[in-house]
Amino acid sequence: MIILKSPQELAVMREAGRIVAQARRLVAEAIRPGVSTAELDALAEEHIIKAGATPAFKGYHGFPASICASVDDQVVHGIPGPRRLREGEIISIDLGAVYHGYVGDGAVTVPVGKVPGEVLRLLEATRLSLVEGIARAVPGNHLSDISHAVESYVVSRGYSVVRDFVGHGIGQQMHEEPQIPNYGPAGRGPILKEGMTLAIEPMVNLGGYEVFVEANGWTVRTRDGRPSAHFEETVAVTAEGPLVLTAE
Ligand code: MG
Numbered sequence: 677m678i679i680l681k682s683p684q685e686l687a688v689m690r691e692a693g694r695i696v697a698q699a700r701r702l703v704a705e706a707i708r709p710g711v712s713t714a715e716l717d718a719l720a721e722e723h724i725i726k727a728g729a730t731p732a733f734k735g736y737h738g739f740p741a742s743i744c745a746s747v748d749d750q751v752v753h754g755i756p757g758p759r760r761l762r763e764g765e766i767i768s769i770d771l772g773a774v775y776h777g778y779v780g781d782g783a784v785t786v787p788v789g790k791v792p793g794e795v796l797r798l799l800e801a802t803r804l805s806l807v808e809g810i811a812r813a814v815p816g817n818h819l820s821d822i823s824h825a826v827e828s829y830v831v832s833r834g835y836s837v838v839r840d841f842v843g844h845g846i847g848q849q850m851h852e853e854p855q856i857p858n859y860g861p862a863g864r865g866p867i868l869k870e871g872m873t874l875a876i877e878p879m880v881n882l883g884g885y886e887v888f889v890e891a892n893g894w895t896v897r898t899r900d901g902r903p904s905a906h907f908e909e910t911v912a913v914t915a916e917g918p919l920v921l922t923a924e
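Throughout, this note's numbering is defined as the position within the sequence shown, counted from one, plus 676.
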């Protein structure tokens, strides 16, 4: 069942999303060669708590940190630690916050120092595929119109979409129905309605779409070892169009 949110609930989710967006920006601004992923995690956690929220990821199915920090060929669910970032890497930061019982979820991929042009283009294409997907989050569309828009854009740029991990409904739970694949034909699945809240999150690979989970049970990596990018926003379907909740 897809849970529709009232305007009052959307207002709370907007605040949860704002906290996520602020933390995401603070972390992005701190990314540079030499910083450790544990330091980035601490920065996000401090902001979330100061803002009166709770880190949504910490303890979620036992996840040990407040952010996911996924470097280069790590797609999602990288665990922060002593690893120090190096010039030329990319890092995906995914984080969530619970505010007054409602969850916001957002991600961004950031270059560390100077990064090869083909990798910067992957980041930009992934970000723009999310923009394409969000634009379809309007009442009356089918859910898979979002999926298809993301995939079409990604494929047009010559990249591949991760299939084993998908976006999701979000609200009082971080993961609610529906699942939102980043691929597939348009015109399928439920009809979008006002009050639906969706975490749309393309994961895009420079090489092939295949991924695997590391022995730690969390970290997802590309099979071919090539880089992967991830952008995510929490979005509400409204009569006025898509409303990005994870904005400042
Ligand atoms: Mg998510």
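Yeah, the Cβ is synthetic: ideal placement off N, Cα and C, and Gly gets one too.
Please read all numbers here as calculations on a predicted model, not as lab measurements.
Problem - Three-state class that DSSP yields for V788 in the structure shown - result: DSSP places V788 in coil when its eight states are reduced to three.
Exercise for the section: Express the C-alpha separation of A729 and P683 in angstroms, rounding to a whole number. Expected result: P683 and A729: Cα-Cα distance of roughly 20 Å.
Problem - N- and C-terminal bounds of the beta strand (DSSP E) containing T873 - result: T873 to I876
Problem - Local conformation of R897 per DSSP, three classes - result: R897: strand per DSSP, three-state reduction.
Exercise for the section: Tell whether a beta-carbon distance below 8 Å holds between H737 and Q698. Expected result: no
Practice task
Answer yes if the stretch 857–868 comes into contact with the stretch 699–715, meaning at least three C-beta pairs across the two stretches below 8 Å, and no otherwise.
Solution key: no
Exercise for the section: Could you check the C-alpha separation between H906 and V837 for me, to the nearest Å? Expected result: In this structure, the straight-line span from the alpha carbon of H906 to that of V837 is close to 10 Å.
Handout entry: Residue from N892, S828, F733 and G871 whose Cα sits closest to the Cα of H851
Key = F733
Practice task
Go ahead and pull the three-state DSSP assignment for Y778.
Solution key: The answer is strand: DSSP assigns Y778 an E or B state.
Exercise for the section: Report buried or exposed for P758, applying the criterion of at least 16 other Cβ atoms within 10 angstroms of its Cβ. Expected result: exposed
Handout entry: For R760, three-class secondary structure by DSSP
Key = Here R760 sits in strand by DSSP.
Exercise for the section: For G871, count neighbouring Cβ atoms within 10 angstroms of its own Cβ and tell me buried if that reaches 16, exposed if not. Expected result: Residue burial is scored here from C-beta neighbours: G871 has at least 16 other C-beta atoms within 10 angstroms and is therefore classed as buried.
Practice task
Compute every distance between the C-beta of G693 and the non-hydrogen atoms of ligand 1, then say whether any falls below 7 Å.
Solution key: no
Exercise for the section: Classify V831 as helix, strand or coil using the three-state DSSP reduction. Expected result: helix
Exercise for the section: Find out if the Cβ-Cβ distance for the pair E853, G845 is shorter than 8 Å. Expected result: Judged by beta-carbon spacing, G845 lies within the 8 Å limit of E853, meaning their Cβ atoms are closer than that value.
Exercise for the section: Note down the Cα distance separating A720 from R690, rounded to an integer number of angstroms. Expected result: 18 Å
Practice task
Counting only the same chain and skipping the five closest in sequence on each side, list residues whose C-beta sits under 8 Å from that of V790.
Solution key: The residue asked about is misnamed: residue 790 is Lys in this sequence, not Val. For K790, where only same-chain residues beyond five positions count, the Cβ hits under 8 Å are E763 and G764.
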